[in-house]
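Numbering-wise (the working numbering), the sequence shown opens with residue 3 and increments by one. For every residue, glycine included, the Cβ atom is placed at its ideal position computed from N, Cα and C.
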Amino acid sequence: MPLRVHDTRRREKVDFTTQSPGRVSMYVCGVTVYDNCHLGHARCYIAFDLIHRWLEASGYDVDYVQNFTDIDDKIIKRSIESGVDWKAIVDRNIETYYEDMDALNILRADHYPRCTEYVESMIHIIEDLIEKGHAYVADDGVYFHVDSAPEK
């Protein structure tokens, strides 16, 4: 029996297919590591662990990526409040994350990129989106211009 998933663009259930036969690229948004994980994180990663395990048990080669948001306002605030270097906070909480997920027997992702490794790329992408009219600058940040996305 094939896996059926909800296609949000078509608004209907469709058979799961891959772009490359037998291969699945799975990206799951990771935690912002300003503090320890909580039950909500565990629930999320248990759910994706089940999907990951089902895909592998079904014969798929899974390339699983889960990022760490390792810089943001919460991390900076925590650093200022505690007097602890932000990198030390991040490293400690990433280590605790691994310990917590290992204790739950959650399979590790293949890759754990950190946001700070890609800031320059993010800036270029945002500048390109603004230049092409797909994003706009507001007083409190840059926003995607939803109406610029073509309907399919």
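DSSP three-state label for residue i, please.
i: D87; result: coil
i: D75; result: helix
i: V33; result: coil
i: F146; result: strand
i: F70; result: strand
i: Y138; result: strand
i: E14; result: strand
i: S60; result: coil
i: R116; result: strand
i: R45; result: helix
i: R110; result: coil
i: M28; result: strand
What residues in its chain sit with their C-beta under 7 Å from that of residue i, if we drop five residues either side in the sequence?
i: F2; result: With the chain represented from 3 up to 154, any question about residue 2 goes unanswered, as that position is not in the structure.
i: A137; result: I128, L131, V144, Y145, F146 and H147
i: L106; result: A44 and I48
i: S81; result: D87, W88 and I91
Answer yes or no: does any C-beta atom of chain C fall closer than 8 Å to that of residue i?
i: C117; result: Given the protein chain composition of this structure (a single chain), no chain C is represented.
Residue range of the beta strand (DSSP E) that residue i falls in?
i: R6; result: R6 to D9
Relative to the alpha-carbon of residue i, which residue among the options has its alpha-carbon at the smallest distance?
i: G32; options: H113, R55 and S123; result: H113
i: D74; options: L41, M103 and V121; result: V121
i: T20; options: V7, P152 and R11; result: V7
i: N38; options: I96, M28, W56 and R11; result: I96
i: A90; options: D72, D65 and G42; result: D72
i: T34; options: R55, R116, A151 and I53; result: R116
i: A111; options: D93, D149, V67 and T118; result: V67
Enumerate in chain order the residues of its own chain whose CB-to-CB distance from residue i is below 8 Å, with the five nearest sequence positions on each side excluded.
i: D2; result: No statement about residue 2 is possible, as the shown extent of the chain runs from 3 to 154 and does not include it.
i: E14; result: H8
i: I78; result: W88
Could you pull out every residue in the same chain whose Cβ sits closer than 6 Å to the Cβ of residue i, ignoring the five residues on either side in sequence?
i: F18; result: L5 and V7
The alpha helix (DSSP H) with residue i in it runs from where to where?
i: M22; result: Strictly speaking, residue 22 in this sequence is Ser, with Met absent from that position. No alpha helix (DSSP H) contains S22, which DSSP labels as neither H nor E.
i: M156; result: Shown here, the chain extends from 3 to 154; a query on residue 156 therefore has no answer.
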